[in-house]
Amino acid sequence: MSGYPEIWLRDSITEATGVQAYPVMAPETAATPYVVYSRGGTEREQATHPLAGAPLAAFELFLVTDSYMGGKEIAEQIRLACNNFAGEYAGCKITSVILLNQQDGSPEEKDGETTPNYVQELSFAVRYEE
Numbered sequence: 780m781s782g783y784p785e786i787w788l789r790d791s792i793t794e795a796t797g798v799q800a801y802p803v804m805a806p807e808t809a810a811t812p813y814v815v816y817s818r819g820g821t822e823r824e825q826a827t828h829p830l831a832g833a834p835l836a837a838f839e840l841f842l843v844t845d846s847y848m849g850g851k852e853i854a855e856q857i858r859l860a861c862n863n864f865a866g867e868y869a870g871c872k873i874t875s876v877i878l879l880n881q882q883d884g885s886p887e888e889k890d891g892e893t894t895p896n897y898v899q900e901l902s903f904a905v906r907y908e909e
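Numbering (the working numbering), first residue to last: 780 to 909.
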């Protein structure tokens, strides 16, 4: 059994930015800034195809901050750390990582405050070996 690309993604985000990364959903007690990541899907080739055994996983990241420009800076740190990565991490051989999209997300209202949390969205395609 090989490792999981989610472990590499989580650790890469935290190591590059110092920001806590949560799978699928952040706890209500999460303090900004934080990242939520999830796997949007995985494509697998047919067994006779040369890329069989090397799935392509799509990951969505949502970076939540209390400052718009602070969020842009952290998103850039994530991009620089993750885009074009190839290597082995925690038992998972990652053959390529490509940033597919980076954009501003919809702001999130905070109870009792006039300034929202700002959201940056990043999408990555990660090819790895099973």
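Just so it is clear, CB atoms sit at the ideal spot from N, CA and C, and this is done for glycine as well.
Proximity to residue i [Cα-Cα], best of the options
i                 : options                           : result
arginine 906      : Pro834, Gly819, Phe838 and Glu892 : Pro834
phenylalanine 838 : Glu867, Tyr813, Leu878 and Ala809 : Leu878
alanine 836       : Ser875, Glu888, Asp890 and Ile792 : Ser875
leucine 901       : Gly819, Glu807, Ala865 and Glu888 : Gly819
alanine 795       : Glu822, Ala810 and Glu855         : Glu855
leucine 842       : Lys889, Thr893 and Val798         : Val798
serine 817        : Asn862, Glu887 and Met804         : Met804
Residue i, enclosing alpha helix (DSSP H) - first and last residue
i          : result
serine 791 : 784-796
Simplified DSSP state of residue i, which is helix, strand or coil
i             : result
glutamine 882 : strand
alanine 860   : helix
threonine 893 : coil
alanine 800   : strand
glutamate 908 : coil
glutamate 900 : strand
glutamate 867 : strand
threonine 874 : strand
N- and C-terminal bounds of the beta strand (DSSP E) containing residue i
i             : result
glutamate 887 : Careful: glutamate 887 lies outside any beta strand (DSSP E) and carries neither H nor E.
For residue j and residue i, believed in contact at Cβ under 8 Å, the rounded distance
i             : j              : result
cysteine 871  : tyrosine 783   : 6 Å
alanine 860   : serine 791     : 5 Å
glutamine 882 : lysine 851     : Not really, about 11 Å apart at Cβ, beyond 8 Å.
proline 812   : isoleucine 857 : Not a contact, Cβ separation roughly 11 Å.
Kindly provide the ranges of any beta strand (DSSP E) runs that are 3 or more residues long and lie completely inside the stretch 811-855, ordered along the chain.
813-822 and 835-844
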